[in-house]
Amino acid sequence: RSPLRILDIIPDSDCFEGDKNSGSSIRSGDRHRSKLTVRAPKASDSVYCIPTQHTLEWCQFKVKSVEMNCIDDNKIVETFTLVTTVNGAILQKVVGSDEIAYFDPPGYQLGVGRRVVAAYRSSVDGPECFLSGMISELPSETNQFRYLVFFEVGHVQYCSRSDVRLVYKINKPVYEYFPGDQSTLVMEYLCSYPNTNMYLGEVGQHIRVEKNGFWVYCSVEKVDASLVLLKFLFSDEYEWLYRGSPRLRPVFDSTKKDEVQDVDKSRRLPTKKMSLSKTNYSSVGDGLIDMSNDDDEEDVCEVSPLQPESGLIIQEKTVSVSKNHRTRGASKIDMNVLTKVPPNISLPRPFRVHRCSFACVVWVRYDVDKFKGVGLLAI
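Throughout the sequence shown, residue numbering follows this note's numbering, covering 1 to 379 in sequence.
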C-alpha cells in the first residue's frame, strides 16, 4: 500500500512559510483546518521535475522507484528515481521530495503559500512552460477564479486551476526557494497577507518603476485584478507587475513612510499616515516632469534628458527648499504627481562632447504663439 500524506489547505505550523512571530492569517491553521488525503507518487506515475540544474523549466518524468530511508530522530526521507527521454537518450536522476510535482492538477483548492509548478506564458499566444513558484492569491470572482502565482524566476501571472501542479513536499520555508532579495520580499508578503499596500492604477497613467537600479517611467496599459501591465516609455518592452510590488514607486514610498512611522511610534512622536488611495496621478503627454515634497521641506528634482534607447531614466539631485520660501498661494504637491509638457515642445538633446558654435541653437526655433502660457523653465 502506498503511503498517504495529509495536506492542509492552509499551511500548518510545521510548514509555515512566513515569520513564526507574525500574526498573519497564513498561520491561522487552527481556525480553519480542512485536510485532504493525497496519495504520494509511486512507481510508474508521471511527475514533473527539472531535467538539469541549469534549466528552469519542469518537464515530464516517470517514477522508476521510490525509496524510504530512516535517518536521525526517526525522520523518514523519500528519494525518487526518475527516468525520461531527451533527444532519443534516456535520462535518469535521483531527486528528493521537494524536486517533484504531481502531473495532474489538484482537484481541491490550494492555500496561499503553497509551492507549485504552474504554466507560464510570456504572451497570450506564446508557448507555455512549467516553472516553480508560490500561490499568492486564491481564486475569487475578482480575479476570474484564477490563482495568482509568484514565480521563482521573478515573473507574476494569473493561472487557471488546470495550469497549476502541486509540488509534493517542501523541505524548507517556501520563501527560501526564491533567490536573492525575492526571498525577503516573499517572506514579508506572507507575514503581512492579506493586508498589503497596492498601487491603485488606471489605464493611461504614468508611473515610475525600478528597473536595473534606475527609476524609469512607464505607462499603464492594462489592469488585471492584482496585476498591472506596464509599457516602458520609448521602448517596446512590456512587463506584468504585482500592484503591491516595491518596484512601483508609490508602493516603495508608502513602505518607507510606514517604516518612518514605526520608528516615530516607538519614540511616541505624532506622525501622519499615508494612504495609496489618496495619491493622485495624472495622464501625461510626451514629456514628463517629476515633482515631490515633504512636510517641512520640498525636494526639487532635476530631470535628466530623455534617452530613447533605454526609456525615460530619472536621476535625481535633491535641493532642500524651506517651507517659508514657497511661492505665495502655491498648492501642496503630492508625491509622484506628473505634470504635462506640451508635446510640440522640442525636448533637449543628449549631451555630447563638442565645440560650441552657432549650430548648437539653430535647431531651436522660438515662436511666441507656440509657447504662449508655458512656463519659462519648460521652454
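All residues carry an ideal CB built from backbone N, CA and C; glycine is no exception. All figures in this text were calculated on a predicted structure; none of them were measured in a lab.
Pair within 8 Å by beta-carbon distance, residue i and residue j
i	j	result
Ser136	Val124	no
Leu131	Val112	no
Lys64	Leu82	yes
Val164	Leu56	no
Pro246	Leu200	no
Glu202	Val223	yes
Tyr193	Ser183	no
Proximity winner among the options, relative to residue i (alpha-carbon distances)
i	options	result
Glu99	Ser226, Leu241, Leu166	Leu166
Val38	Ile76, Asn69, Val63, Tyr108	Tyr108
Cys218	Tyr238, Asp224, Asn212	Tyr238
Asp104	Tyr120, Ala225, Ser162	Ser162
Pro101	Cys356, Phe61, Ser245, Val47	The question names Pro, but residue 101 in the sequence shown is Ala. For the residues Cys356, Phe61, Ser245, Val47, the minimum Cα distance to Ala101 belongs to Val47.
Val220	Cys191, Gln205, Phe234	Gln205
Thr52	Asn69, Val94, Ile76, Lys42	Val94
Ala225	Gln157, Lys169, Ile170	Gln157
Gly213	Leu248, Ala359, Met68	Leu248
Thr142	Cys356, Leu227, Asp236	Leu227
Thr196	Thr255, Phe178, Glu78	Thr255
Val66	Ser44, Lys75, Asn74	Ser44
Pro173	Phe145, Asp369, Cys191	Cys191
Three-state secondary structure assigned by DSSP to residue i
i	result
Arg328	No answer about Arg328 holds up, because its pLDDT of 44 lies below 50 and its placement is not dependable.
Ala359	helix
Phe252	helix
Pro350	coil
Asp295	Residue confidence for Asp295 is low, a pLDDT of 40 falling below 50, so the modelled location carries little weight; the figure read from the coordinates is stated next. DSSP places Asp295 in coil when its eight states are reduced to three.
Asp98	helix
Ser162	helix
Lys257	helix
Tyr168	coil
N-terminal and C-terminal residue of the alpha helix (DSSP H) that residue i is part of
i	result
Val186	181-192
Limits of the unbroken beta strand (DSSP E) element including residue i
i	result
Ile76	76-86
Met198	Counting along the chain, Met198 falls outside any beta strand (DSSP E), and DSSP gives it neither H nor E.
Asn381	Because residue 381 is not part of the residues shown, which for the chain are 1 to 379, the question remains open.
Gln157	156-159
Ser219	214-224
Glu210	206-211
*Could you give the uninterrupted runs of the beta strand (DSSP E) lying entirely in the stretch 90-151, keeping only those of 3 residues or more?*
115-121, 128-137, 147-151
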